[in-house]
Amino acid sequence: MPPMDRVAVIGVPMDLGAGRRGVDMGPSALRYARLLEELEALGYGVEDLGDVRVPLAETLRARRHASYLEEIRQAALELKERLKALPEGVFPIVLGGDHSLSMGSVSGVARGRMGVIWVDAHGDFNTPETSPSGNIHGMPLAVLCGLGHPRLTEAFHAVDPKDVVLIGVRSLDPGEKRLLREMGVAVYTMHEVDRLGVARIAEEVLARLEGLPLHVSLDADVLDPTLAPGVGTPVPGGLTYREAHLLMEILAQSGQVRSLDLVEVNPILDERNRTAEMMVGLALSLLGKRIL
Ligand SMILES: [Mn+2]
12 MPPMDRVAVI GVPMDLGAGR RGVDMGPSAL RYARLLEELE ALGYGVEDLG DVRVPLAETL
72 RARRHASYLE EIRQAALELK ERLKALPEGV FPIVLGGDHS LSMGSVSGVA RGRMGVIWVD
132 AHGDFNTPET SPSGNIHGMP LAVLCGLGHP RLTEAFHAVD PKDVVLIGVR SLDPGEKRLL
192 REMGVAVYTM HEVDRLGVAR IAEEVLARLE GLPLHVSLDA DVLDPTLAPG VGTPVPGGLT
252 YREAHLLMEI LAQSGQVRSL DLVEVNPILD ERNRTAEMMV GLALSLLGKR IL
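The numbering of the sequence shown is my numbering, which starts it at 12 and goes up by one.
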């Protein structure tokens with residue numbers, strides 16, 4: 012369990028960083044899946060801080076190779092400032108929204124050295140030069156490590172790549188592979204999940220990040236698409252229900268987790284909100300819900 016008894020929920024209804032529309036409705040889907048009520052039932056005091064302001068895609072024109080950069084930067088900066096203003100002892104949960112918002116969440120919770128556990132089918136480690144699509148939701152982890160467009164790195168560089176761990180990866184672009192190796196990021200692909208199992212991976216990660224406050228950034232596309240069809244960029248061969256919960260349960264037991272993102276839920280592509288419900292269940296496991 013995190014050593015905190017209050018949770019603050021904040022939404023970022025943004026899909027400007029994604030290639031497909033719809034994750035802007037993710038915060039509503041996660042609230043509708045009873046996130047706040049279930050956290051209260053676990054014993055937390057819960058406050059909903061509402062949503063960060065994000066412009067509508069229809070009112071903007073995209074630019075190639077770092078689409079909507081200034082609009083995303085502005086929304087992520089607002090998130091960062093709102094998280095910085097939270098009192099200590101409050102556990103923030105950020106509801107997305109596409110994954111570019113995590114530039115704001117991680118830099119907003121950083122109070123010195125910290126560990127980042129990025130649970131995702133993708134590396135999110137592109138730069139404008141390496142990105143095949145130009146979509147910024149493929150770049151936030153690189154930006155947080157200080158790589159990428161200077162307008163983003165100057166605002167959001169917040170972590171040492173040695174304190175970053177990726178889990179569940181199964182789709183990397185060629186430039187990302189090279190950058191991840193060069194920067195020394197610990198990457199547990201699905202190959203390692205299959206070979207080692209989630210329990211051993213979680214224990215290795217906690218040993219590597221021992222004593223650090225931890226941020227978990229959970230992308231719905233890490234789950235197998237049969238469990239979580241409501242994502243914009245599904246990749247076959249993802250985490251099972253129990254693998255995902257076990258990972259959250261072991262991280263919870265460390266007592267080090269201080270903040271969480273739930274991102275990339277796309278209600279347009281979902282089936283009766285089951286992807287949002289799955290993500291709410293995982294958040295509860297990370298915040299200490301146990302089977303017994
Ligand atoms: Mn992602």
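Ideal Cβ placement from N, Cα and C applies to all residues, glycine included.
Specify the secondary structure class of residue i as computed by DSSP and reduced to three states.
i, result
"Ile279", "coil"
"His148", "helix"
"Leu80", "helix"
"Pro38", "helix"
"Glu99", "coil"
"Leu106", "strand"
"Pro274", "Correcting the residue identity first, residue 274 is Val in this sequence and not Pro. Looking at Val274 - three-state DSSP - the assignment turns out to be strand."
"Arg269", "strand"
"Leu90", "helix"
"Arg220", "Looking at the sequence itself, residue 220 is Leu, so the reference to Arg does not match. Coil, per DSSP."
"Thr244", "coil"
"Ala68", "helix"
Measure the alpha-carbon distance for residue i versus residue j and round it to whole angstroms.
i, j, result
"Pro247", "Arg283", "21 angstroms"
"Gly159", "Ile261", "33 angstroms"
"Leu60", "Ala19", "7 angstroms"
"Met125", "Leu223", "5 angstroms"
"Leu71", "Ile104", "28 angstroms"
"Ala40", "Met290", "10 angstroms"
"Ala132", "Glu89", "27 angstroms"
"Leu320", "Arg45", "What the structure shows of the chain is the stretch from 12 to 303, and residue 320 is not part of that stretch, so it cannot be assessed."
"Leu94", "Ala121", "9 angstroms"
"Ala48", "Leu106", "Per the sequence shown, the amino acid found at residue 48 is Glu instead of Ala. Cα to Cα, Glu48 sits roughly 15 angstroms from Leu106."
"Arg211", "Leu217", "10 angstroms"
"Gly195", "Pro172", "6 angstroms"
"Met150", "Ser118", "15 angstroms"
"Gly134", "Glu214", "21 angstroms"
"Leu257", "Arg181", "19 angstroms"
"Pro24", "Glu82", "13 angstroms"
"Asp235", "Thr251", "6 angstroms"
"Asp109", "Ala294", "17 angstroms"
"Arg192", "Leu155", "16 angstroms"
"Leu183", "Gly208", "21 angstroms"
If I follow the unbroken alpha helix (DSSP H) through residue i, where does it start and stop?
i, result
"His256", "252 to 264"
"Ala231", "Here Ala231 belongs to no alpha helix (DSSP H), and DSSP marks it neither H nor E."
"Ser118", "113 to 120"
"Glu51", "46 to 52"
Where does the unbroken beta strand (DSSP E) through residue i begin, and where does it stop?
i, result
"Val291", "No beta strand (DSSP E) holds Val291; the alpha helix (DSSP H) holding it covers 285 to 297."
"Val57", "56 to 62"
For residue i, I'd like the list of residues in its chain whose CB is within less than 6 angstroms of its CB, leaving aside the five on either flank, ordered along the chain.
i, result
"Phe102", "Pro13, Met15, Val18"
"Ala231", "Ala239, Val242, Glu275, Val276, Thr286, Met290"
"Gly3", "Limits of the chain in this structure are 12 at one end and 303 at the other, which puts residue 3 out of reach."
"Ile178", "Val130, Tyr199"
"Gly37", "Gly107, Gly108, Val276"
By Cβ distance, which residues of its chain are closer than 8 angstroms to residue i, with the 5 residues on each side in sequence left out?
i, result
"Arg32", "Asp26, Ala68, Ile279"
"Leu220", "Gly126, Ile128, Asp174, Val176, Gln267"
"Arg64", "Ala86, Glu89"
"Gly186", "Asn137, Thr138, Glu140, Thr141, Ser142"
"Gly249", "Ala132, Gly179, Arg181, Met201, Asp232, Val233, Leu234, Asp235, Pro236, Leu238, Ala239"
Can you list, in chain order, the residues of its chain whose CB lies under 7 angstroms from that of residue i, leaving out five sequence neighbours each side?
i, result
"Arg162", "Leu80, Arg84"
"Leu297", "Val227, Met259, Leu262, Ala263, Val268, Leu271"
"Ala87", "Ser111, Leu112, Met114, Gly115, Phe167"
field: Complete beta strand (DSSP E) runs within the segment 127 to 212 (minimum length 3 residues, chain order)
entry: 175 to 180, 197 to 200
task: Only counting runs of 4 or more residues, tell me where the alpha helix (DSSP H) segments fall wholly within the segment 12 to 36, in order along the chain.
output: Complete alpha helix (DSSP H) runs here, min 4: none at all.
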